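Chemist: Below: one structure in structure tokens.
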Amino acid sequence: MKRISFIVLFSLIITGLTFCEDPLPKEKLSAGKILEKVDNVINAPIDQELKVKLVLIDKKGKEKENELTMYQKGFDKRLVKFTKPAEKKDIGFLSLPDDIMYLYLPAFKKIRRIASHVKNSKFAGTDFTYEDMEAKRFSDTWIPSLKNETEEQYILELTLKEGMKSEYFKLIMYVRKDNSYPVKIEYYDKGKNLIKIQTRAKLNKVGDYWISEETTMQDLKVKHSTKMIILESKFDNKLSDDVFTKRNLER
Amino acid sequence: MQKFSWVIIKLRVLIIIFVILITGLLIFSLKGLKINPDIISYLPKTDNDVKLFDYIGEEYKGNSLAMVAIESDDIFDLETIKSINILTNKFKVLPGVSYVTSLTNVLDIKKLEDGFEIGKLIDEFNLPKNPEDIKNLKQYTLSKDMYRGRIVSENSTATLIVCRLNDNVDKVDTARKIKQLVQEEGLKQKVYYGGIPFQMIDINKIITSDLILLVPLIILLIIVSLLFAFRSFRGVVLPILTVVIANIWTLGIMSALGIPLTVISNLIPIILIAVGSAYSIHVIHLFKEKVKDENNKINQSIEALSNIAIPVLLTGVTTMGGFLAFVFGSYLTMIREFGIFSCLGVFFSLFLSITFIPALLTFFPVRKKQIKEKENASFFINMMDLIGSFILKRERLIIFIGLILVIIGIIGIPSVKRRVDMLDYFKPGSSIRLTEELLEKKFGGSIPIQVIVEGDILDPEVLNEMKGMEDFLTTLDDVHNPQSIVELIEEMNDMMGEGKKIPDSRMKVDNLWFLIEGEDILEQLVNDDKSEALIQATITNVDTERMKYLVGQIDEYVKSHNSSVVTFSQTGMPLIYQNLDNSIMKSQLQSLIIAICLIFICLLLMNKSIKRALVGLIPIGFTLVIILGFMGFTKIPLDIATVLVGSISIGIGIDYSIHFMNRFKEERKRYPNELHALDKTLETTGKAIIINVITVTLGFLILLFANLIPLRRFGILIAITMISSGIGAITLLPAAILIITKNGTKNNQSPKVKRITEDEEITEDEEIEVSVLK
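Structure follows, in structure tokens:
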């Protein structure tokens, strides 16, 4: 299930789309303002179609690769289909509004409804947690403060808002000044240990959007990391609602 | 010897400086002395079963599980669940802990009306809020095999929080931090700590506290008996100084070589104090006897040293032989280390006694005779006369009694049990034992038994074979909770609407696998390539025979089910215990044979007669039978510590025979027949033997205060050995000598053997005898 949630939500993190966002102005910005801009940057387009390669790297450096295609419309309609490796081919997920999720297993030729409440633990095989993937604005959960500033980056420290729940104690976020893109996030656990680092590399502009073509999440505790590589991306193709149906899931 | 002694005495200043320098140097090294509480680490790396066990411990992380068990009337209660959640979260963020499995954090696959849910058993952000929630949770949890008897006991009175520690972290330190977090939480429920990391904390503590308690006690005891024997400053301080320096050197070298103390080698200081003090006592005693003239001190010292060096060396070498017997062919490396370093320690005591002590003694003023000692001495002489006349008049009776004891001993031998399980080291009521009892009662034991499965694990045929193996394991009493990926796959298959069984195609298994791939728990069940899996079960703490039976049963199943598709192999503690058990028998026999051979060679060199050498072995042979018989009757098992007793007792116990036979040889030159010579020997050496037996016996009885059970058993057995070999040497030995040399000697001679010594030149203040070999 962790896997499933991950599949459904991960697009938000990998694309990190910079939509219609101007470079941050030269004058001093408040930490709140910077985070707001970050949130605006990390916003999905109307729809998207992505081909993604997932590389899971264990501590011995051994790699495992998966490939999948994902269709997404708005925030709450997604269809994911695995294409590689052979034993995962055609496994699919359909996510619809109101947390309705379906799983299709080709070997069984059956669709099952699935549910999940897991938020705080590692996704199977990958180093992202459900929480890392949530389609939430950072400013809803975290209070930012400007910790440091370099020529090119703002360094924000995010601490938890009262009443909010998170697996993390704090985040350190490195934001590019020119496009408000968060290029690196460090995650600290409640024991104040740095446990994970996310880096978004190979920024590229596709149409109107900035995209990180290689996002890595490193788990420092178990020395495992996950690389997500965008192989192909199409945005705003006016995907039909018919894509997001159970029938299409089976096909 | 004359030349050796001359060199020692001439170089005395150099020797003293050398000893002080080395000691100072090694005191620094002593600080780094480590304790290794990890018993597993001493299993021999060459044994294939151990290799497999280590491999599994590392590959599937079994050796680094720290378990916290919580016990209460019913753990399904709001408060307890809340505490478990808090602790789980705290453990999770501890550096060194890689993940935690608990009620609030365990993988759960829940069937829903039109689908299923994969998640945690309890949502930590949505804990049960009312009795109704709790009731449902309890019902659900206990209904699933994956939790019942594993994470929650069947009657829900106990639950486990299992922390898996990272590789390359200080396990003891991490376990301590876990314990501290639990204590800070201030739970009302009873808490137990299980698993190797926690056991290591306890073993550390036990080794340290045993040393802190026992070493001062035994030093005190030796001081008291030395005071009684010598009544002088040098007579007390010098032997103590010798053993202290010998200990510093031995432990200092261990530390410098990075060899830690273990549950066995913490015996070394105690043995060195009890055994090592004897050598310097002999030297000091002879100096007292021989060095009488302040002006001629140096020459007399050389004379005294050349007299005493050989017998002291001889007894030292035989003792070293007893320890060396462990170096060859011991199964546990910690026993080999024990053998090497005890031997080294004895060597140091020996070395110091014939170099450093004589060197120091030359700087002490010559002693005046003390009147008091005379009374003391004459009391002993009278007592020895009494004993002597009885022994020498009734040699046949003595041999007869000896034979009866031997027969009784032999009757007892077959019932000697062997115990190899490590839990047996700890006294009842100790936290390790209490935790074990809880785990046994509530979770079917904590002794791991594992079957490695090789094959294409996701192939339904292999999975079905695994299931067959698990079903078979379940039929064995004492084997509990077999667990593997089979259940997970069956459960998911059920969720897909195809029933709780293994899917019928490889594709289906692959599809299901996708759903759980990368879950923490899988690391404990299957390897990365899915070419190998583990079936884990636990076994209750049964005796060695029963374990052997179980191992045999499983082995048979393994043999009959291995095929081209799947290969099973068994591992786990029972198999290791079986090897350990076999090796204990083997190393017992082997070390005994080596020790007896070494000692026989010594006796042969000394007596130059096979017959006499064999006679010299009588007290030791007698002692071995008595000890084994005693173990049979009192149910003291052969374990990793008591297995040491045989060779050590030969090495130490033979000293009495050596002293006795040497003195006898000397006296025989002076007296017309065996009877007189024996009487004289009994009166001098016999007395010394009795004093030594009492001191060393009391010394080893101190081990009865030890926390580790094997040390206690070792103490009592060595004590009996000392008594038996001492008494054997002053009764059986003279009796046997009389019988073999008797050609009517006794009849021709007057049986009146009292006070032949009246005309003797031996000084009467000789309260501690040494064999006065020339």
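Chains as they are written, first to last, in our numbering: chain G, 1 to 251; chain U, 1001 to 1774.
Here a beta-carbon is modelled for each residue, glycine too, at the ideal position from N, C-alpha and C.
Given the structure is predicted, the values throughout are model-derived calculations rather than measurements.
#1: Would a C-beta distance cut-off of 9 Å place residue 1241 of chain U and residue 1269 of chain U closer than the cut-off?
#2: Pop quiz: residue 1302 of chain U and residue 1727 of chain U are said to be a contact at Cβ under 8 Å. What is the actual Cβ separation, rounded to whole angstroms?
#3: Thinking residue 1402 of chain U and residue 1622 of chain U are a contact (beta carbons under 8 Å), I'd like their distance in whole angstroms, please.
#4: Along chain U, which residues have their Cβ under 7 Å away from the Cβ of residue 32 of chain G?
#5: At the level of alpha carbons, what is the spacing between residue 1327 of chain U and residue 1346 of chain U?
#6: Verify the CB distance criterion: does residue 1266 of chain U have a CB-CB separation below 9 Å to chain G?
#7: Residue 1007 of chain U to residue 1310 of chain U, Cα distance in whole Å?
#8: Below 6 Å CB to CB, which residues in the same chain sit around residue 7 of chain G once its five sequence neighbours on both sides are set aside?
#9: In chain C, which residues lie less than 7 Å from residue 91 of chain G when you measure between Cβ atoms?
#10: Taking the runs of the beta strand (DSSP E) that are 3 residues or longer, which of them lie wholly in the region 1427–1506 of chain U?
#11: Suppose contacts are defined by Cβ-Cβ distances below 9 Å. Is residue 1432 of chain U in contact with residue 1423 of chain U by that definition?
#12: Residues of chain U with a CB under 9 Å from the CB of residue 191 of chain G: which are they?
#13: Kindly indicate which three-state DSSP category residue 952 of chain U falls into: helix, strand or coil?
#14: Ignoring anything shorter than 4 residues, give me the alpha helix (DSSP H) runs that lie fully in the region 1168–1225 of chain U, in order along the chain.
#15: What's the gap between the Cα of residue 31 of chain G and the Cα of residue 174 of chain G?
#16: Would you kindly work out how many angstroms separate the C-alpha atoms of residue 1532 of chain U and residue 1451 of chain U, rounded to a whole number?
#17: In angstroms, rounded to a whole number, what distance separates the CA positions of residue 1026 of chain U and residue 1249 of chain U?
#18: Evaluate the contact criterion for the region 230–240 of chain G versus the region 208–222 of chain G: three or more CB pairs, one atom per stretch, below 8 Å.
#19: In the DSSP assignment, the beta strand (DSSP E) including residue 92 of chain G goes from what residue to what residue?
#20: Would you say residue 1136 of chain U lies against chain G (beta-carbon separation less than 9 Å)?
#21: Output needed in chain order: residues of the region 194–222 of chain G with a Cβ under 9 Å from some Cβ in chain U.
#22: With a threshold of 7 Å on Cβ separation, who are the neighbours of residue 1438 of chain U within its own chain once the five nearest residues in sequence on each side are excluded?
#23: Does residue 36 of chain G come out as helix, strand or coil in the three-state DSSP assignment?
#24: Kindly indicate if chain U contains any beta-carbon less than 9 Å away from that of residue 108 of chain G.
#25: If residue 1414 of chain U and residue 1573 of chain U are in contact, beta carbons under 8 Å, what's the gap, nearest whole angstrom?
#26: Looking at C-alpha atoms only, which residue of U/1417, U/1610, U/1321 and U/1496 is the closest neighbour of residue 1594 of chain U?
#27: Let me know the secondary structure DSSP gives residue 1150 of chain U once reduced to three states.
#28: When you compare the CB of residue 57 of chain G with every CB in chain U, is at least one pair closer than 9 Å?
#29: Taking buried to mean at least 16 other C-beta atoms within 10 Å of its own C-beta, is residue 1752 of chain U buried or exposed?
#30: Hey, residue 1084 of chain U and residue 1104 of chain U: beta-carbon distance below 9 Å or not?
#31: When the Cα atoms are used, what is the spatial distance from residue 1408 of chain U to residue 1628 of chain U?
#32: For residue 239 of chain G and residue 194 of chain G, what's the separation of their Cα atoms in angstroms?
#33: If we define contact as Cβ-Cβ less than 9 Å, is residue 161 of chain G a contact residue for chain U?
#34: Please report how far the alpha carbon of residue 68 of chain G lies from the alpha carbon of residue 242 of chain G, in whole angstroms.
#35: Does residue 1503 of chain U have its Cβ less than 9 Å from a Cβ in chain G?
#36: Decide if the region 1656–1667 of chain U is in contact with the region 1681–1695 of chain U; the criterion is three or more beta carbon pairs, one per stretch, under 8 Å apart.
Modeler: Considering the structure as presented:
#1: no
#2: That pair is no contact at about 36 Å.
#3: 6 Å
#4: What residue 32 of chain G touches in chain U: nothing, since even the nearest Cβ is about 26 Å away.
#5: 15 Å
#6: no
#7: 15 Å
#8: Note that residue 7 of chain G has pLDDT 43, beneath the 50 cutoff, so the model's placement of it is unreliable and no number is given.
#9: The structure shown contains no chain C; its protein chains are G and U.
#10: 1447–1454 and 1479–1483
#11: yes
#12: 1090, 1092, 1093, 1094 and 1095
#13: Shown here, chain U extends from 1001 to 1774; a query on residue 952 of chain U therefore has no answer.
#14: 1171–1185
#15: 12 Å
#16: 10 Å
#17: 6 Å
#18: yes
#19: 92–96
#20: no
#21: 195, 221 and 222
#22: 1069, 1071, 1158 and 1192
#23: helix
#24: yes
#25: Residue 1414 of chain U to residue 1573 of chain U, Cβ: 27 Å. No contact.
#26: U/1321
#27: coil
#28: no
#29: Confidence at residue 1752 of chain U is low in this model, with a pLDDT of 42, below 50, so its placement is unreliable and the value that follows should be read with caution. Exposed is the call here.
#30: yes
#31: 11 Å
#32: 41 Å
#33: no
#34: 19 Å
#35: yes
#36: yes
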